[in-house]
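Data first, discussion second: the structure below is written as structure tokens.
Protein chains: 2
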Amino acid sequence: MADVTTGEKLLFLTDEQLRQGIEAMFFAYRGFTADPDRILAGMAYGRAHHRAIHFINRAPGTTVNNLLVLLGVTKQSLNRVLRTLIEDGLVESRVGMADKRERHLYLTEAGQELERKLSDAQRARMRAAYRAAGPQAVAGFRQVLEAMMDTEMRRKYHALKENGA
Amino acid sequence: MADVTTGEKLLFLTDEQLRQGIEAMFFAYRGFTADPDRILAGMAYGRAHHRAIHFINRAPGTTVNNLLVLLGVTKQSLNRVLRTLIEDGLVESRVGMADKRERHLYLTEAGQELERKLSDAQRARMRAAYRAAGPQAVAGFRQVLEAMMDTEMRRKYHALKENGA
DNA sequence: TTGGAAAGTCAATAAGACTGACTTAAGCTG
DNA sequence: CAGCTTAAGTCAGTCTTATTGACTTTCCAA
Chain G
34 MADVTTGEKL LFLTDEQLRQ GIEAMFFAYR GFTADPDRIL AGMAYGRAHH
84 RAIHFINRAP GTTVNNLLVL LGVTKQSLNR VLRTLIEDGL VESRVGMADK
134 RERHLYLTEA GQELERKLSD AQRARMRAAY RAAGPQAVAG FRQVLEAMMD
184 TEMRRKYHAL KENGA
Chain X
34 MADVTTGEKL LFLTDEQLRQ GIEAMFFAYR GFTADPDRIL AGMAYGRAHH
84 RAIHFINRAP GTTVNNLLVL LGVTKQSLNR VLRTLIEDGL VESRVGMADK
134 RERHLYLTEA GQELERKLSD AQRARMRAAY RAAGPQAVAG FRQVLEAMMD
184 TEMRRKYHAL KENGA
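Chains G and X supply the protein sequences, listed in that same order. Just so we're on the same page, our numbering is the position in the first sequence counted from 1, plus 33. Just so we're on the same page, our numbering is the position in the second sequence counted from 1, plus 33.
Put into structure tokens, the structure is as follows:
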């Protein structure tokens with residue numbers, strides 16, 4: 034019976050429990066993106082723009098290459114998004130001081146305003162979920178999510194936390 | 034100071050904490066979909082096919098309309114995916130007994146085999162994350178995810194659980 | 001000074017989604 | 001029975017986000 038691990042652990046590692054976790058992730062992620070998606074639907078922007086804006090706000094001065102890796106997209110993909118954001122005056126691209134090949138990205142006033150609008154909506158939902166579930170649940174939530182990341186992404190996640198802390 | 038809620042709750046409801054939660058969701062979801070995506074990349078299928086297969090397996094005999102709402106896509110979108118799956122012999126579509134307008138969807142042997150392959154990979158990651166985080170964390174994880182869903186989706190999530198339990 | 005890295009661009013392609021319009025078949029209801 | 005509604009399926013066109021591949025410009029560094 035207790036061939037793999039303790040009885041307590043066996044209880045929640047059944048296929049059924051794991052499937053429920055998978056479905057919870059699926060449905061929750063839909064909720065997670067729903068509010069920003071709604072806001073962006075009106076403008077000429079999509080989820081890709083939101084992600085770029087989020088991470089530029091989070092790590093101001095980040096380079097294009099940095100952002101590329103963080104978002105997990107190709108240069109060409111990001112460039113299209115970035116170009117419209119720069120043209121529309123939401124993002125500023127400054128030539129690097131030390132290395133002039135690099136471009137450092139910053140949100141303009143207008144960019145920060147949109148960022149606030151988007152993240153306000155997303156944080157409101159997050160806050161409600163956190164409140165409903167309680168502090169202990171939140172700690173567990175964070176632990177499981179972190180364990181679910183690829184090693185490389187976990188590294189980047191922590192790097193961002195240092196930044197914002 | 035304690036104007037909104039208790040001190041204990043204030044601690045983890047700072048903007049910074051919420052932002053970290055948002056980023057954790059983003060990075061974890063990437064990990065969550067990475068394994069099935071890799072498997073499907075070789076074949077002519079994508080994430081949309083995976084989702085259809087998952088839910089048909091989960092609720093065998095479900096109707097097209099049911100699946101539509103569950104996945105949150107349009108009829109035309111689902112139909113393209115479903116058509117290829119039926120053509121390739123992974124999904125079977127049976128005319129309804131009670132209502133002949135309805136089509137009930139089932140996985141064939143081949144469909145079940147692919148489902149197993151995909152969900153094995155996804156469950157392996159889930160299992161590893163659950164093990165690493167521990168039982169208490171898992172309970173919290175589930176609570177927060179559930180609180181994050183839209184009401185309608187939470188209803189559907191519970192309906193599926195009844196089904197599979 | 002030359003090789004390689006960072007950024008940017010052009011072109012072609014694909015998956016996955018959308019709207020809108022329309023057909024077919026079948027159920028329901030007055 | 002006639003007529004409205006519902007479930008499914010299809011055709012056509014569009015959009016966003018992503019891809020690969022090829023190429024240029026700029027510039028750092030050995």
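Cβ coordinates follow ideal geometry from the N, Cα and C atoms, glycine included.
Interface flag, residue i vs chain X, CB-CB below 8 Å
{"i": "GLY144(G)", "result": "no"}
{"i": "ASP36(G)", "result": "A caution first: ASP36(G) carries a pLDDT of 39, below 50, which makes its placement in the model unreliable, though a value can still be read off. ASP36(G) does not count as touching chain X."}
{"i": "VAL177(G)", "result": "yes"}
{"i": "ASP183(G)", "result": "yes"}
{"i": "ALA77(G)", "result": "no"}
{"i": "ILE55(G)", "result": "yes"}
{"i": "GLY40(G)", "result": "In this prediction, GLY40(G) has a pLDDT of 44, which is less than 50 and means its spatial position is unreliable; nothing more can be read from the coordinates."}
{"i": "LEU111(G)", "result": "no"}
Coarse secondary structure for residue i, derived from DSSP in three states
{"i": "GLU41(G)", "result": "Confidence at GLU41(G) is low in this model, with a pLDDT of 48, below 50, so its placement is unreliable and the value that follows should be read with caution. The answer is helix: DSSP assigns GLU41(G) an H, G or I state."}
{"i": "THR47(G)", "result": "coil"}
{"i": "MET182(X)", "result": "coil"}
{"i": "GLY54(X)", "result": "helix"}
{"i": "GLY167(G)", "result": "coil"}
Rounded separation between residue i and residue j - CA only
{"i": "ARG136(G)", "j": "VAL124(G)", "result": "12 Å"}
{"i": "GLY79(X)", "j": "ARG63(X)", "result": "15 Å"}
{"i": "THR47(X)", "j": "PHE60(G)", "result": "25 Å"}
{"i": "ASP183(G)", "j": "ALA67(X)", "result": "9 Å"}
{"i": "ASP70(X)", "j": "GLY173(G)", "result": "27 Å"}
{"i": "ARG187(X)", "j": "ARG127(G)", "result": "45 Å"}
{"i": "LYS216(X)", "j": "ASP121(G)", "result": "Limits of chain X in this structure are 34 at one end and 198 at the other, which puts residue 216(X) out of reach."}
{"i": "LYS108(X)", "j": "ASN98(X)", "result": "8 Å"}
{"i": "ILE86(X)", "j": "ARG52(G)", "result": "13 Å"}
{"i": "GLN176(X)", "j": "LYS194(X)", "result": "14 Å"}
{"i": "ARG116(G)", "j": "GLU56(X)", "result": "24 Å"}
{"i": "ARG156(G)", "j": "GLU185(X)", "result": "20 Å"}
{"i": "LEU104(G)", "j": "SER110(G)", "result": "10 Å"}
Interface flag, residue i vs chain G, CB-CB below 8 Å
{"i": "ALA170(X)", "result": "yes"}
{"i": "LEU140(X)", "result": "no"}
{"i": "MET186(X)", "result": "yes"}
{"i": "ILE89(X)", "result": "no"}
{"i": "ASP48(X)", "result": "yes"}
{"i": "ALA92(X)", "result": "no"}
{"i": "LYS133(X)", "result": "no"}
{"i": "LEU204(X)", "result": "Since the first residue shown for chain X is 34 and the last is 198, residue 204(X) is missing from the structure and cannot be characterised."}
{"i": "GLY122(X)", "result": "no"}
Requested in this report: Enumerate, from N- to C-terminal direction, the unbroken beta strand (DSSP E) stretches of 3 or more residues contained entirely within the stretch 62–145 of chain X.
Outcome: 124–128, 136–140
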